[in-house]
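Residue numbers (my numbering), protein chains in the order written: chain Z, 146 to 1137; chain H, 1327 to 1502; chain Y, 13 to 462; chain G, 151 to 371. The beta carbon of each residue, even a glycine, is placed where N, CA and C say it ideally should be.
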Amino acid sequence: MIARENDAEVAALRRALGQRRGRDYWRSLEEFADTPAFQRLIEEDFPRLAPLWEGRVTRRGLLGLMAASLALGGLTACGPQPPEQIAPYTRRPEDLLPGRPRWYASTLPLDGYARGVLVKTFEGRPVKIEGNPEHPASLGATDSIAQAELLGLYDPDRSRTIRYRGSASSQGAFLEQLDRRRSRWAREGGLCLLTGPLTSPSQRALIERLRRRYPGLRWYRHAPLDGAGDPDPRPAVRYRLDRARVILDLDADCLDQGPAKLVHARHVMGRRHPDPQRQDHGLPNRLYCVESTPSVTGASSDHRLPLAAPDVPLFAAALGRRLGVPGLAAADDPAGVDPAWLDALADDLRQAGDGAAVIPGRAQSADLHRLALALNQQLGAVGHTVLPAPPLTPADGDLPALAQAIDQGRVDGLLMLDTNPVYSAPGALEFADRLARVPFSVHLGQYHDETGRAALWHLPAAHPLERWDDARAFDGTASVLQPTIVPLFGGFSAQQVLAAFDGDYRADARELVRAHWRRQWPDDDFEGRWRAALQRGWIEEAPAAPAALPMPTDLTVPVAADDGLVLQWRADPALHDGHYANNGWLQELPRPLTKLTWDGAALIAPALAAEKGLRRGQHVILERNGRRLEVPVWIQPGQPPRAVTLYLGQGRTAVGRVGDGVGVNAYRLMPASGALQAGGLTLLRTDRFSELADTQQHHRVEGRDVLKETDLDGFLEDPAFARPAHPEPPPSLYPEWDYPGHAWGMSINLNSCTGCNACVTACQAENNIPIVGAEEVRRGHEMHWIRVDRYFQGPAEAPETRFQPVPCMHCEKAPCEYVCPVEATQHNSEGLNDMVYNRCVGTRYCSQNCPYKVRRFNWYHYTDTAAKLATPAAAHNPDVTVRSRGVMEKCTYCVQRINQAEADARNAGRPLRDGELKTACQQVCPTGAIEFGDLNDPRSAVSRAKASVLDYAMLGELNTRPRTTYQAEVRNPNPAIREHRDPASDDPEAPA
Amino acid sequence: MAERLHGLLARFPDADRLIAASRDLRECGLSRLDAYTPHPVAGLPEALGVRDRRVPLTALICAVLAGAGTLALQIYASLDYPFNVGGKPVVSWPAYMIVTFAMSMVGATLGALFSMLLLNGFPRPYHPLFNVAEFDAASRDGFFLCVEAADPRFDAERLNQRLKQHGAERVWEVPA
Amino acid sequence: MSARDDGLVPDLGRGALTDRVRATVLGRRTPRSWFLALGLATLVSLLFLLGVVYVLSVGVGAFGLNIPVAWGFPIINTIWWIGIAHAGTLISAVLWLTRQDWRASISRSAEAMAMFAIVLAGSYPLLHLGRPWLAYYLLPYPNLMDLWPQWRSPLVWDFFAIASYLLFTASFLYLSLLPDLASLRDGARRRFQQLFYGVLALGWRNSARHWARYEQAHRVLAVIAAPIVVSVTGTISLDLAVSIVPGFHFTIFPPYFVAGALYSGFATVAIIAIILRGLFGFRDLITRAHLNRLGIMMLCFVLVVDYAYLQEIFTAFYTGEAFYRGVYFDRWTGPYAPYYWGMILCNVVLAQGLWFRRLRESVPGLLCLAVIADIGMWLERFQIVITSTHKDYMPSAWDTVRPTAWDWLTYAGSIGVFFVLLLLFIRLMPSVSMHDMRALLHRRREGGHG
Amino acid sequence: MPQIFRPGANALTWMVLALAALLLVALVVVAAGYYRSPYYSQIGDRPAQPVPFSHKHHVGELGLDCRYCHTGVTQSDFAGVPESEICMTCHSQLWTDAEMLAPVRDSLRDGEPLHWQRVHDLPDYVRFSHSGHVNHGVPCEACHGRVDREPLTTKRETLFMQFCLDCHRNPGPRLRPPRAVFEMGWAPEAGTDRDALGDRLMARYHTPSTDRLTDCSLCHQ
């Protein structure tokens, strides 16, 4: 049931891998893949058998299964335990103690930007990723994607071999071919490089080296999420939102997108602790959000304005006019926007002065970025909340430019590093056809993906957790990626490939990175600084001279385009640009606003749905410029009426068993420029339907005592509004239980929660929660222990959105416990609602009687190694039991962490300190919305949080006495804007 | 008689005559009497002097024992490994009453059934009475009276006459 | 005293009656319709087997269940079958205590029906479990974990209630069979029949002493039958009522469940009575007057059920709680409204047909009403179990389930299993209690006192 | 109807019934006995090991401390099975050519781990921490028995939940002072009040309350 028995095996494998260091390291995989240990691991972890619950069961199969299940079920209890073996190390690595985790500071890049992480490993096997509290882009938090990188590491579908024209080949053959071309490139040029956004100092240095060797080298950058490339690049800006009092988000989703999202979330939402006593009432900022697609930021904002993407620059210009930005006097208000709203916003921003910040969205045009910078300049925010950022990737051109070069026959060799243009190039570019015309194309990627298949050569890339590399954070801080495991499937780093192109065929990945930094620190104690960097997770450098922000001149007033339907492409909140499509944790992650998993859909406004007579899941054909795409629709409250949004990242065809064939590829409709919004869309209704796999079917609170909220005025009037009318606790016939030791409890601050889902994935990673697949989600069988409920209030066209994370409440009078016939769930002496899997017989009565519906059931054997979506055993947390079929499970408050922390404290002979112990959801939360600790300690953070006047128990009138309570939400709207919050109009049912 | 005799078996045309005969023979001091009828006949046990209340008594005793035992088991189990279950007391006796009741009903049921079987001497597939072929009518429409030879006042000749007087249609000697 | 001619007593002598009934068991010829029915029932029961094998092999995910609707068909079917069982016990015990003459000719089939219904009702909870092979964890036995069952759980109560009911019903059935087994032994002419029934009869000789003790034991069982019936369905209703789920948590549940149980039970007895009439030509043993009485019983209980419906709605609204009101609005208008209105149609509207004597006495009429009653009661269980949970406290967790093929297979198939068992029983055992009928004839014709 | 059964049938029936009842009782007794038997609990099992390592020799006769080889026992959940390297610290000097030790030498040379057979194996759903026990006065001997007398490692206790609970419900009498945790066959000085000693040790080790020690999630997490 547990992954522990595999530890020794993995350790053995790792040792086998570990011997192939140094020179051997850079050599082909074929011979290695033949070792029996490797074969065994692969077969056990990644079997090819289809899962039972998805496949059709044959007669023989069924009988066999029945026999097996009877044997499994009945007989294991009858015989003595089967024998097991222990394989100790032959030589134990220094500092490694079997059974004790080791932590490594490392870095995970996203879009090239670094996020500092700490990786927990057991016997050389990474099992959990946490944020690095000292890293400026993490502050201790991570997002869902960073959490899910762990699963990506063990993904059995990752590329394992060098391939030539699709078939396995060898490194020697590759180098031979490469060698033949190098001299010509040096003479005649013709070598091109295609990367994503790239901040790695060592890679950039290697590229510079290549430029010297091949003077004609052209470097192209493909960043599908950044929209159309621009001759005049957008200003590189970063924000200090901890200094901001009024923030205007212009379609930026600044809390959930971009390299600084975790920091933004902490600085904007993490500071909201309403308190009538404080001068700013504990609400230090006000967030306005103008957005083209409902997002986490819009949901968290105090004022939200839905606006189709092309109208956002008009909005910014109209605001600029009000603020007196030169050159914008002629700007008109965009249609449909209340001028009074704009006036109030302008006043608010003006009052904030240098405490204002206007943030443009990355998907928006460079024009908007310049406009926003002008607004910030006008407000006096530049230098205070708006600072220059390190320059963007210094490439020579974007993907359309590369396409042009290919057309002109100027590309002889093309090296594509960690990018997948065949999938993510705009459909209009027909990049696959063009790539076929490149004589020598090389793809380095983690998957033998669409581009890998189209390229002449494919090289497997090492996963960020397996390779030496470096990257910079949004603010320029450099940090090192240090491998926590030797590449499982071989795999090269970009540095190695770049060095090979430079003629260095035997370069060591580690040395390539170190060499760069050795050059940076010529005089210093290099080893000392290097060690410090590895230990801390980031590199201490002399701060670069502050570059001045180039102030935009000659702003042009944007003009309104046609008012027809607009198609918008946005990063998928989980799959990002599609790179993570084979990651089951992310595919199954309910997207924050739609609560959709797996399936892709076109988001349309309720008004558009009504106009076209569309129902949820009905297929439409989207047509633009002669390209058509059939996709089901999702009716999204708060979507601008004329805007249709497609999330990028689905419709993969060559990524693996998880991601292939899920959803549609939205890049196919994109204009050649790569712009992320375009008009000229027609929408044709069809009669086909899909049942979409969403995890929440009902979107209104229905007046139930679940969410409590008010605005600042209401709060000041009645600070105790969240307290129940009746005395607490209600009287009981039963005597009270004592909790003399620890009494664990949790407090969730709804003011801070952004609904970003990081807690969901962190919990999944920590607690070995299985992936169930789209069909199972459709049937309501999803397994997440913590879910983020999303409710809409107010009119469907512009609703207010509320999030509420719901883990187990650990009720002191738990209704689940007294109905269990076998004591599989009851209370422990510290107030936890325990769940004993090995005692559970699966009556499911506990779930029936749980008013919060937080329990999850293993309807099938999801963790069967034969299951298609089973998490590889190596990725399991060895401290948490892996649950088998027929067993109930639920949030345990990370009891394994509690036990470990208590044991560690006792071993050290000291009491457990507050804050020493964190649950997975608490630790990952970017805004610190979750507090957990000992309620018997009045000074603990959780006790203080629960002492807040805002503290309330969900469904408290049931007298379940939950240990998890919430802090009611207080919004901070602009008193000058009274456009919303009329509970009487709180009805039109969200489209069903 | 060379053969040992089990008793005399007489068939009567109806229940009333059987009752009358039974009462008469009993008043004559015969004790090892038994009547056989296709269905329960009111008054017949009294006529035969059968007054046995052991079946309901056993049922009652079994019910009380089973109920008490079950309750004791539940309380013992709760104390053996005490748990905090939903914040309820360790011994939540009101909740234990339902199983207690169910088990006392089981006690009564089994007590009644098995005391009936055992007191009747079942199982006893062989019995001398079956040696009389016509005895099968007892489970169809025949009313029989049997006087066992073991009775100290057994006298085959006199009994035969007496039975006939009471209207017995036929009298058999039942071989042992 | 001359017999009252109320159509309840056949125009036969004791011997002729015994021979008639014995012939159905001991006779060499089996009606072709019996084979036909058995074949059909076997086919249907194979579906059950298939469903069970599949569900046991892959897991309960095969059923249409999820969170929040974690209980579904297996629980519905358990409640439904146990309800059917109750009428059997009631007829053979309570009507015996109250000296209802009309019970004699149907009591045996009612008891057999009860027996098989309980067996099925008891098998569903096993199928319902996530890990059925660990069901023995519910038993109190000294084990290596030092753990005991959790006695506060209504499921433990249930386990004991159903187990005790099964024991009780089996004991009761065997007890009342015993004299008839002797009768078969005595009537058997073939050796294996003599041995078979001879062993089972344990040597019963129809002695006055046997009868006296038999009657005492029978009376004890009959006396505890009523509380057992009430407590078993009551306990099962507590599975729901003890929870805090809106739509489950009603104090009216125990009596309401008992009434519903008896309604469906009498309907099923009526169906079996009609089958027996057709199969063995028992038209003189089970007369139209019997059908009429069964119809009247159904009417009584369905009126209680209808009253409970009203009462439940009143309670839901009287509490003033949004949750309870929500459950009712959902029942009326939600995704499962067809089931609710189907239940109302069957149990409230069509059931009123029972007021008409002509319908009650007509074979097709009563058959229709009985089938409607069984369907209606199944729908009632459906809307209690599924409709209540699919929308409870947390709007975010609301969800619907769709019954799968395996749900329907294991439900429909169980009816096949029931009839296989029943058909085998009526071929191997006397389907009319001969000694009861003889006693009845004795009482009615010869003025004997029962 | 003639007589169906012979007179002997009565006795025969009773004998059959008695036999059935006896069988039933026997079944219960056998089942209960089976689960408490050494066959099921594997007490006394002494699986063949790649190297016939003798605790008796190393501990009993040479007096090696447990921690010399089981290096993780005070810091980790796992006590740690010695790496081949540890064996060879001595055996590179002693018995360097012994045939018996060839697998150890081979293992270190080839980097192939020795595959020891597990003797004490808890189910995977149980968390057991060696450091949590030995640092708080629970001696090795409590679960592993007198290894200093075992030529081959042998399972000595059932390690059933019942066995764990015995101690968790009343830890005092099994606790030892720190110096005696790794000692074999230690007994308190004659005349010591074992219960009072247990209480003192519990206070010293801050042993959690019995309630905490019998929490399900303490071991099943």
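Inset, instruction - Whole angstroms is fine: what's the gap from Ser-1029/Z's alpha carbon to Phe-310/G's? - result: 21 Å
Legend entry - 8 Å Cβ cutoff, Val-1416/H in contact with chain Y: no
Inset, instruction - Round the Cβ separation of Leu-233/Y and Phe-184/Y to the nearest angstrom and send it over; I've been treating them as touching at under 8 Å. - result: 5 Å
Inset, instruction - Count the other C-beta atoms from every protein chain shown that fall within 10 angstroms of the C-beta of Met-3/Y, then say buried if there are 16 or more, exposed otherwise. - result: One cannot answer for residue 3/Y here, as it falls past the ends of chain Y, which runs 13 to 462.
Inset, instruction - Over the uninterrupted alpha helix (DSSP H) stretch that includes Phe-1409/H, give me the two end residues. - result: Here Phe-1409/H belongs to no alpha helix (DSSP H), and DSSP marks it neither H nor E.
Legend entry - Residues within the segment 965-999 of chain Z neighbouring chain Y, beta-carbon criterion of under 8 Å: Cys-965, Pro-966, Val-967, Glu-968, Gln-971, Arg-984, Cys-985, Val-986, Gly-987, Thr-988, Arg-989, Tyr-990, Ser-992, Gln-993, Asn-994, Pro-996, Tyr-997, Lys-998
Legend entry - Residue burial classification, Tyr-1097/Z (beta-carbon count within 10 angstroms, cutoff 16): buried
Inset, instruction - With Gly-1078/Z as the anchor, note down where its beta strand (DSSP E) starts and where it stops. - result: 1075-1079
Inset, instruction - Can you give me, in chain order, the residues of the segment 834-848 of chain Z that have a beta carbon less than 7 Å from any beta carbon in chain Y? - result: Gln-841, Gln-842, His-843, Arg-845, Val-846, Glu-847, Gly-848
Legend entry - Spatial distance of Ala-924/Z from Ala-350/Z (CA atoms): A small correction: the amino acid at residue 924/Z is Arg; Ala does not occupy that position in the sequence shown. Each residue's Cα considered, the two are about 52 Å apart.
Legend entry - Inter-residue CB distance, Leu-657/Z and Gln-641/Z (contact presumed, cutoff 8 Å): 7 Å
Inset, instruction - Would you give the residue range spanned by the beta strand (DSSP E) that Ser-586/Z belongs to? - result: 585-590
Legend entry - Interface residues of the segment 140-172 of chain Y facing chain G [CB-CB below 7 Å]: Leu-156, Met-157, Asp-158
Legend entry - Neighbourhood of Ser-216/G by C-beta distance below 6 Å, restricted to the same chain and skipping five residues each side: Before going on, a small fix: residue 216/G reads as Cys here, not Ser. If we look at Cys-216/G and ignore the five residues flanking it on each side, its Cβ neighbours are Cys-290, Phe-332.
Inset, instruction - Compare the C-beta of Asp-1009/Z against all C-beta atoms of chain Y and say whether one is closer than 8 Å. - result: no
Legend entry - Delimiting residues of the beta strand (DSSP E) encompassing Cys-337/Z: 336-340
Inset, instruction - Would you mind telling me which residues of chain Y sit closer than 8 Å to Glu-1462/H, beta carbon to beta carbon, in chain order? - result: The sequence shown places Asp at residue 1462/H, rather than the Glu named in the question. In chain order: Asp-198, Gly-199.
Legend entry - Contact list for Val-851/Z against chain Y, beta-carbon separation under 9 Å: Tyr-405, Met-406, Pro-407, Ser-408
Inset, instruction - Going by CA-CA distance only, name the one from Arg-507/Z, Leu-731/Z, Leu-793/Z, Gly-481/Z that's closest to Gly-745/Z. - result: Leu-793/Z
Inset, instruction - Look at the Cβ atom of Val-1500/H, then the Cβ atom of Leu-1331/H, and state whether they are nearer than 8 Å. - result: yes
Legend entry - Contact check, Pro-144/Y vs Leu-68/Y, beta carbons under 8 Å: yes
Inset, instruction - Label Asp-365/G either buried or exposed according to how many other C-beta atoms from any shown protein chain fall within 10 Å of its C-beta, with 16 as the threshold for buried. - result: buried
Legend entry - Short Cβ contact (8 Å threshold) for Cys-317/G with Ala-292/G: yes
Legend entry - 8 Å Cβ cutoff met for Ala-410/Z and Cys-904/Z: no
Inset, instruction - Return the CA-CA distance between Pro-536/Z and Pro-695/Z, expressed in angstroms with no decimal places. - result: 12 Å
Legend entry - N-terminal and C-terminal residue of the beta strand (DSSP E) that Leu-432/Z is part of: 431-436
Legend entry - Buried versus exposed, by CB contacts within 10 Å (16 or more), Tyr-153/Y: exposed
Legend entry - Amino acids of chain Z, ordered along the chain, whose beta-carbon sits closer than 7 Å to that of Leu-368/G: Asn-1044
Inset, instruction - Note down, in chain order, all residues in the segment 1351-1370 of chain H with a beta-carbon under 8 Å from any beta-carbon belonging to chain Y. - result: Asp-1360, Ala-1361, Tyr-1362, Thr-1363, Pro-1364, His-1365, Pro-1366, Val-1367, Ala-1368, Gly-1369, Leu-1370
Inset, instruction - Report all residues from its chain with a CB closer than 6 Å to the CB of Asp-493/Z; omit the five preceding and five following residues, and keep chain order. - result: Val-391, Asn-1119
Inset, instruction - Give the secondary structure of Phe-184/Y by DSSP, where H, G and I count as helix, E and B as strand, and everything else as coil. - result: helix
Legend entry - chain H contact for Tyr-1038/Z (CB, 8 Å cutoff): no
Legend entry - Identity of the residue in Phe-368/Y, Met-406/Y, Ser-426/Y nearest Gln-842/Z by Cα: Met-406/Y
Inset, instruction - Quick one: list the residues of chain H neighbouring Leu-214/Y, beta-carbon separation under 8 Å, in chain order. - result: Leu-1443, Phe-1448, Pro-1449, Arg-1450, Pro-1451
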